[in-house]
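Participant: I have a structure I would like to understand better, so I am pasting it below and will then ask my questions one at a time.
Number of protein chains: 2
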Amino acid sequence: MDTRTPVDFYFDFSSPYSYIASEWIEALAARHGRTVRWKAILLGATFQASGLKSPVSYPMKREYALRDFERSARFAGVPLKVPEHFPIPTQNAARVFWWLHARGETTARHWARHCLRAYFARGVDLSDTTALKGLAVEFGLGAAEAEAVWNDPTWKNRLKLTNDAAIAAGVFGAPFFVIDGEPFWGNDRRAQIERWLDKGPY
Amino acid sequence: MDTRTPVDFYFDFSSPYSYIASEWIEALAARHGRTVRWKAILLGATFQASGLKSPVSYPMKREYALRDFERSARFAGVPLKVPEHFPIPTQNAARVFWWLHARGETTARHWARHCLRAYFARGVDLSDTTALKGLAVEFGLGAAEAEAVWNDPTWKNRLKLTNDAAIAAGVFGAPFFVIDGEPFWGNDRRAQIERWLDKGPY
Chain Y
1 MDTRTPVDFY
11 FDFSSPYSYI
21 ASEWIEALAA
31 RHGRTVRWKA
41 ILLGATFQAS
51 GLKSPVSYPM
61 KREYALRDFE
71 RSARFAGVPL
81 KVPEHFPIPT
91 QNAARVFWWL
101 HARGETTARH
111 WARHCLRAYF
121 ARGVDLSDTT
131 ALKGLAVEFG
141 LGAAEAEAVW
151 NDPTWKNRLK
161 LTNDAAIAAG
171 VFGAPFFVID
181 GEPFWGNDRR
191 AQIERWLDKG
201 PY
Chain R
203 MDTRTPVDFY
213 FDFSSPYSYI
223 ASEWIEALAA
233 RHGRTVRWKA
243 ILLGATFQAS
253 GLKSPVSYPM
263 KREYALRDFE
273 RSARFAGVPL
283 KVPEHFPIPT
293 QNAARVFWWL
303 HARGETTARH
313 WARHCLRAYF
323 ARGVDLSDTT
333 ALKGLAVEFG
343 LGAAEAEAVW
353 NDPTWKNRLK
363 LTNDAAIAAG
373 VFGAPFFVID
383 GEPFWGNDRR
393 AQIERWLDKG
403 PY
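Sequence order for the protein chains is Y and R. At position 102 of the first sequence (counting the first as 1) the number is 102 in the numbering used here, and the numbers step up by one without a gap. With positions in the second sequence counted from 1, the corresponding number in the numbering used here is that position plus 202.
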């Protein structure tokens, strides 16, 4: 275990469990001297590569999942209400993330939290371009600037390459963490991650 | 929250996460004044009803799951090695469970733990009738008696009715817990279950 190695944190902007995890991963990593590399991906891409589907696409699992999203958030002390439009395509928010990331990881992380909180705590539909432009303006970006980014082949490609790299690294869902080469899938692996960071491999 | 209400615990004899949960659920419930109703089911039946499949039937998820089964067991302090034959059909062990259950819940629970530990800690293949008869003898049953039970339409039907009732109650996987009407799916819901038993609904 090398405490200088960052924690890789893969998330999708439409994943409730990613949102919950995004609210605790920074502090947890920091308590153990680690930084976090945030990686916006699209679950649509990992689902296609792995043959998996969203839990809400199976009626019996859907009913449970919708209940569990909110209960798991309450358990973690995170405000979450399943949005009216859910799940949604999130490539535009993710492309803006990678554009900001090229300028600095911190700003990109703030954008991620800004969008995740807007969607899951306030129900702002990130797939609605008008709503997303509004979030960009709230964040201090220009609406036209943000729109230009998500239509730019450079950032489309950056997201695609990230999805491909994630899949090559074995990522099949979100949130997905890789720590010292060890994979952890799900918000519910928090306690296992904490033990790993605290005491090393087990 | 009525502390006299038992915890319903649905498990499959071939489910590693059910095995891990079977090692902590009794003590956890007892600490909160609850009893546990053990219910042997077949994941094959719930998968068919829900359209779901085993995590190990998707190559990317399989690689992770095999690693996570053992890591989650170490995290819980439970001895587990993924058996050479995995997953396996477990209807015979489940039918013996329900036969014993008709005589007394405690004996049935002991049988469940006997078989789960044999399969996951020692690699005894529960789908091999010779091996299962050996386990029956270890448990104090007759080999011919056990075989007669799993071939008896009464116990075949008892298991089928239990699967049907589980599905009707929304059970789509294992381990699955229902506490005061609240569903919890997975060994990884342990902390949430503990909070529920401790402080009630949240």
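Think of the CB as a built atom: it goes at the ideal place given N, C-alpha and C, for glycine as much as any other residue.
May I ask you to list, following chain order, the residues of the segment 253-265 of chain R that have a beta carbon less than 8 Å from some beta carbon of chain Y?
Facilitator: Listed in sequence order: G253, L254, Y260, P261, M262, K263, E265.
Participant: Give the DSSP-derived three-state secondary structure of Y/F120 in the structure shown.
Facilitator: The residue given as residue 120 of chain Y occupies position 120 in the first sequence. Y/F120: helix per DSSP, three-state reduction.
Participant: What does R/F277 reach in chain Y if we use C-beta pairs closer than 8 Å?
Facilitator: For the purposes of this step, residue 277 of chain R is identified with residue 75 of the second sequence, where counting begins at 1. Going along chain Y in sequence order, the residues near R/F277 (Cβ under 8 Å) are A191, Q192, R195, Y202.
Participant: To be precise: take each residue of the segment 5-28 of chain Y, compare its Cβ to all Cβ atoms of chain R, and keep it if any distance is under 7 Å. Which residues remain?
Facilitator: Cβ contacts with chain R: none found.
Participant: Start and end of the beta strand (DSSP E) containing Y/T182?
Facilitator: Within the first sequence, the letter at position 182 stands for residue 182 of chain Y. Here residue 182 of chain Y turns out to be Glu, not Thr, going by the sequence shown. Run containing Y/E182: 182-185, per the beta strand (DSSP E) assignment.
Participant: For Y/A49, which residues in chain R fall below 9 Å Cβ to Cβ?
Facilitator: The sequence position of residue 49 of chain Y within the first sequence is 49, counting from 1. Within 9 Å Cβ-Cβ: M262.
Participant: Who pairs with Y/W38 in a beta bridge, going by DSSP?
Facilitator: In the first sequence, the residue the question calls residue 38 of chain Y occupies position 38. Paired residue(s): Y/F9.
Participant: I'd like the list of long-range same chain contacts for Y/K53, defined as Cβ closer than 7 Å, with 5 residues on each side in sequence excluded.
Facilitator: Along the first sequence, one-based indexing puts residue 53 of chain Y at 53. F47, listed in sequence order.
Participant: State the Cα-Cα distance for the pair Y/A136 and Y/G104, rounded to the nearest angstrom.
Facilitator: Numbered from its first residue, the first sequence carries residue 136 of chain Y at position 136. Numbered from its first residue, the first sequence carries residue 104 of chain Y at position 104. Whole-angstrom Cα-Cα distance: 17 Å.
Participant: Looking at the structure shown, is R/F378 part of a helix, part of a strand, or coil, going by DSSP?
Facilitator: Here the question's residue 378 of chain R lines up with position 176 in the second sequence. Of the three classes helix, strand and coil, the one that applies to R/F378 here is strand, per DSSP.
Participant: Would you check if the distance between the CB atom of R/L244 and the CB atom of R/Q293 is smaller than 8 Å?
Facilitator: Position 42 of the second sequence holds residue 244 of chain R. Position 91 of the second sequence holds residue 293 of chain R. In contact: R/L244 and R/Q293 (Cβ atoms closer than 8 Å).
Participant: Look up Y/E23 in the DSSP assignment and say whether it is helix, strand or coil.
Facilitator: As a working note, residue 23 of chain Y is residue 23 in the first sequence. Reduced to three states, the DSSP call for Y/E23 is coil.
Participant: For R/T292, name the three-state secondary structure that DSSP assigns.
Facilitator: The count along the second sequence starts at 1 and reaches residue 292 of chain R at position 90. Of the three classes helix, strand and coil, the one that applies to R/T292 here is coil, per DSSP.
Participant: I'd like to know if Y/P87 contacts chain R, where contact means its C-beta is closer than 8 Å to some C-beta of that chain.
Facilitator: Against the first sequence, residue 87 of chain Y aligns to sequence position 87. Output row for Y/P87: interface = no.
Participant: Would you tell me roughly how many angstroms separate the C-alpha atoms of Y/I25 and R/A350, rounded to the nearest one?
Facilitator: On the first sequence, residue 25 of chain Y is found 25 positions in, with the first residue counted as 1. On the second sequence, residue 350 of chain R is found 148 positions in, with the first residue counted as 1. Distance between the alpha carbons of Y/I25 and R/A350: 54 Å.
Participant: Using a Cβ-Cβ cut-off of less than 8 Å, list which residues of the segment 318-345 of chain R approach chain Y; keep chain order.
Facilitator: Answer set for the segment 318-345 of chain R: empty.
Participant: Identify the contact partners of R/W387 in chain Y, using a Cβ-Cβ distance below 8 Å as the criterion.
Facilitator: The residue given as residue 387 of chain R occupies position 185 in the second sequence. Near R/W387 (Cβ distances below 8 Å), the residues of chain Y are Y64, D68.
Participant: Using a Cβ-Cβ distance cut-off of 8 Å, determine whether R/F374 contacts chain Y.
Facilitator: As a position in the second sequence, residue 374 of chain R is number 172, starting the count at 1. So, interface residue.
Participant: CB R/S259 to CB Y/M60, shorter than 8 Å?
Facilitator: Counting from one through the second sequence, the residue named residue 259 of chain R turns up at place 57. Counting from one through the first sequence, the residue named residue 60 of chain Y turns up at place 60. Result no, Cβ atoms of R/S259 and Y/M60 do not sit closer than 8 Å.
Participant: Just list the beta strand (DSSP E) runs in the segment 239-268 of chain R, keeping only unbroken ones of 3 residues or longer that don't cross its boundaries, in chain order.
Facilitator: Those beta strand (DSSP E) runs which fall completely within the segment 239-268 of chain R and span 3+ residues do not exist here.
Participant: Starting from R/L343, trace the alpha helix (DSSP H) both ways and give me its first and last residue.
Facilitator: For the purposes of this step, residue 343 of chain R is identified with residue 141 of the second sequence, where counting begins at 1. From DSSP, R/L343 is part of no alpha helix (DSSP H); its letter is neither H nor E.
Participant: Shortest alpha-carbon distance to Y/A102 belongs to which of Y/K39, Y/D8, Y/R195?
Facilitator: Your numbering for residue 102 of chain Y matches position 102 in the first sequence. Checked all of Y/K39, Y/D8, Y/R195; the closest Cα to Y/A102 is Y/K39.
Participant: When you compare each of Y/D125, Y/Q192, Y/W98, Y/R67 to Y/P89 by their alpha carbons, which one comes out closest?
Facilitator: Translated into positions along the first sequence, residue 89 of chain Y becomes position 89. Ranking Y/D125, Y/Q192, Y/W98, Y/R67 by Cα distance to Y/P89 puts Y/D125 first.
Participant: Looking only at its chain, what residues have a beta carbon closer than 7 Å to the beta carbon of R/F299, apart from the 5 residues adjacent to it on each side?
Facilitator: By one-based count along the second sequence, residue 299 of chain R stands at place 97. Correct list, in chain order: A242, A310, W313, A314.
Participant: Nearest to Y/A73 by CA position, among Y/R117, Y/R31, Y/G44, Y/H32, is which residue?
Facilitator: As a working mapping, residue 73 of chain Y is identified with position 73 in the first sequence. Measuring from the Cα of Y/A73, the nearest candidate turns out to be Y/R117.
Participant: Which residues in chain Y sit within 8 Å of R/D390, going by Cβ to Cβ distance?
Facilitator: For the purposes of this step, residue 390 of chain R is identified with residue 188 of the second sequence, where counting begins at 1. Chain Y residues near R/D390: G186, D188, R189.
Participant: Quick one: Cα of Y/W185 to Cα of R/D354, how far?
Facilitator: In the first sequence, the residue the question calls residue 185 of chain Y occupies position 185. In the second sequence, the residue the question calls residue 354 of chain R occupies position 152. So the two alpha carbons sit approximately 42 Å from each other.
Participant: Is any beta-carbon of chain Y found at less than 8 Å from that of R/R273?
Facilitator: As a working note, residue 273 of chain R is residue 71 in the second sequence. Chain Y, which has a Cβ nearer than 8 Å to the Cβ of R/R273, makes this yes.
Participant: Just verifying my parser: in three-state terms, what is the DSSP assignment at R/H312?
Facilitator: In the second sequence, the residue the question calls residue 312 of chain R occupies position 110. In the structure shown, R/H312 sits in a helix (DSSP, three-state: H, G or I).
Participant: Got a sec, what are the start and stop residues for the alpha helix (DSSP H) Y/N157 sits in?
Facilitator: Counted from its first residue, the first sequence places residue 157 of chain Y at position 157. Taken as a continuous stretch (DSSP letters only), the alpha helix (DSSP H) holding Y/N157 covers 153-168.
Participant: Measuring only the C-alpha atoms, how far is R/H287 from R/N389?
Facilitator: What you label residue 287 of chain R is simply residue 85 of the second sequence in a count that begins at 1. What you label residue 389 of chain R is simply residue 187 of the second sequence in a count that begins at 1. Their Cα atoms are separated by approximately 22 Å.
Participant: Taking R/V238 as the reference, give the member of R/A393, R/D382, R/R397 with the closest Cα.
Facilitator: Position 36 of the second sequence, counted from the first residue, corresponds to residue 238 of chain R. R/V238 has its Cα closest to that of R/D382, out of R/A393, R/D382, R/R397.
Participant: Using the C-alpha atoms, what's the distance from R/A345 back to Y/E182?
Facilitator: Residue numbering aside, residue 182 of chain Y sits at position 182 when the first sequence is read from its first letter. Residue numbering aside, residue 345 of chain R sits at position 143 when the second sequence is read from its first letter. So the two alpha carbons sit approximately 44 Å from each other.
Participant: Please list the terminal residues of the continuous alpha helix (DSSP H) segment that includes Y/L197.
Facilitator: One-based indexing of the first sequence puts residue 197 of chain Y at position 197. 190-199 is the span of the alpha helix (DSSP H), which, as asked, contains Y/L197.
Participant: If we count the other Cβ atoms within 10 Å of its Cβ and call it buried at 16 or more, is Y/A166 buried or exposed?
Facilitator: Residue mapping note: residue 166 of chain Y aligns to position 166 of the first sequence, counting from 1. With 16 or more other Cβ atoms within 10 Å, it is buried.
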